[in-house]
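K.L.:
The sequence shown finishes on residue 234 if you use this note's numbering, and the numbering steps up by one all the way, no holes. Cβ coordinates follow ideal geometry from the N, Cα and C atoms, glycine included. Okay, here's the structure, questions in a sec.
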Amino acid sequence: MLQNEKEAGVVDDGSLVRRWLTYGAGIYLLTLGVSLAIRAGIGISPQSSLTRTMTLVVPGVSQGTFNFALELIMLVLTYLVMPKDFRFRNLLSLIPAFALASFLDLNLMLTEWIVLDAYAAKFTLLVFADATLAFGLFLMIRANLVLMPVDMFVNTIFKRTGWKWGNIKTGFDLTLLVTSAAIGLIFLGAPNFIREGTIINGILVGQYIKLYFFLFKKFSRKPVG
Numbered sequence: 010m011l012q013n014e015k016e017a018g019v020v021d022d023g024s025l026v027r028r029w030l031t032y033g034a035g036i037y038l039l040t041l042g043v044s045l046a047i048r049a050g051i052g053i054s055p056q057s058s059l060t061r062t063m064t065l066v067v068p069g070v071s072q073g074t075f076n077f078a079l080e081l082i083m084l085v086l087t088y089l090v091m092p093k094d095f096r097f098r099n100l101l102s103l104i105p106a107f108a109l110a111s112f113l114d115l116n117l118m119l120t121e122w123i124v125l126d127a128y129a130a131k132f133t134l135l136v137f138a139d140a141t142l143a144f145g146l147f148l149m150i151r152a153n154l155v156l157m158p159v160d161m162f163v164n165t166i167f168k169r170t171g172w173k174w175g176n177i178k179t180g181f182d183l184t185l186l187v188t189s190a191a192i193g194l195i196f197l198g199a200p201n202f203i204r205e206g207t208i209i210n211g212i213l214v215g216q217y218i219k220l221y222f223f224l225f226k227k228f229s230r231k232p233v234g
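What follows is the structure in structure tokens.
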């Protein structure tokens, strides 16, 4: 699950039980962050905007269901890009994908009561949501277990092309964003869930993760002597 050498200093290579608990907690916090960002109502991430838009196009189908469907599509695309490198263990990524979908629907239900009017309150909630989401991602990185199909697809493109991983991820996110906007325009008359919060999310989540890496390395350092 490691993306680069910087992650090597924070990963847990110990007890599998502890790592799976960490991974599960990470998935839950990630979905809680996504749910809170949705309740903030000033824009969400490209992936969330696409799956959220689909709930308006097809009412009655939950966002978690659409999220799982997207992960499944990404797994199929991963196979199509590099079929010879695809292994049975890659299918195991659907297990955390299903857990993520379930936790997302649960947290959307638990946060349904949050309705904010003041922009300052919405902005504050978004900042907190991104911090929560990023901490969930940090825990998943630390557990170093299974990649979600979406991340597996990005990694597969990286291995296939040799392009910079960051550029591939940016291009992938932009593709999701354009797809979300196009579906919104065609079926709903206007894009939905793409606002300033989408940009804020893209900036803050990465910075929060860097902060968590820094804090973990700082406070987990063993004293010399």
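(1) Pick helix, strand or coil for Pro-92, following the three-state DSSP scheme.
(2) What residue does the alpha helix (DSSP H) around Val-20 start on, and which one ends it?
(3) Quick check: what's the CA-CA separation for Asn-133 versus Leu-25?
(4) Here's the rule I'm using: 16 or more other beta-carbon atoms within 10 Å means buried, otherwise exposed. How should Phe-162 be labelled?
(5) Distance, Cα to Cα, Ala-34 vs Val-67?
(6) For Ser-111, collect the residues of the same chain with a Cβ closer than 7 Å to its Cβ; drop the 5 residues on either side in sequence, then sort them by chain order.
(7) Leaving aside the five residues before and after Leu-103 along the sequence, list all residues of the same chain whose C-beta is less than 6 Å from its C-beta, in chain order.
(8) By DSSP, does Ser-71 sit in helix, in strand, or in coil?
(9) Note the first and the last residue of the continuous alpha helix (DSSP H) segment covering Asn-164.
(10) Below 8 Å, how does it come out for the segment 107–124 and the segment 88–95: are there three or more Cβ pairs, yes or no?
(11) At the level of alpha carbons, what is the spacing between Gly-215 and Ala-143?
(12) Using only the alpha-carbon positions, how far apart do Glu-14 and Leu-84 sit?
(13) Check whether the segment 181–196 touches the segment 54–65, counting contact only when three or more Cβ pairs, one atom from each stretch, lie closer than 8 Å.
(14) Pick out whichever of Phe-107, Val-70, Ala-78 and Thr-31 has its Cα sitting closest to the Cα of Leu-148.
P.N.:
The short version:
(1) Three-state DSSP puts Pro-92 in a helix.
(2) Membership of Val-20 in any alpha helix (DSSP H) is not indicated, and neither H nor E is assigned to it by DSSP.
(3) The identity of residue 133 in the sequence shown is Thr, whereas the question assumes Asn. Between Thr-133 and Leu-25, the C-alpha separation is close to 36 Å.
(4) Classification for Phe-162: buried.
(5) Their Cα atoms are separated by approximately 30 Å.
(6) Correct list, in chain order: Gly-73.
(7) Excluding positions up to five away in sequence, the list is empty.
(8) Here Ser-71 carries a coil assignment [DSSP, helix/strand/coil].
(9) Segment 158–170, the alpha helix (DSSP H) holding Asn-164.
(10) Fewer than three Cβ pairs drawn from the segment 107–124 and the segment 88–95 lie within less than 8 Å of each other, which leaves the two stretches out of contact.
(11) Straight-line Cα distance between these residues: approximately 7 Å.
(12) Low per-residue confidence applies at Glu-14: pLDDT is 44, beneath 50, and the placement is therefore not dependable, though the value from the model is reported in the following sentence. Approximately 25 Å between the Cα atoms of the pair.
(13) Judged by pairs of C-beta atoms under 8 Å, the segment 181–196 touches the segment 54–65, as three or more such pairs exist.
(14) Nearest option by C-alpha distance: Thr-31.
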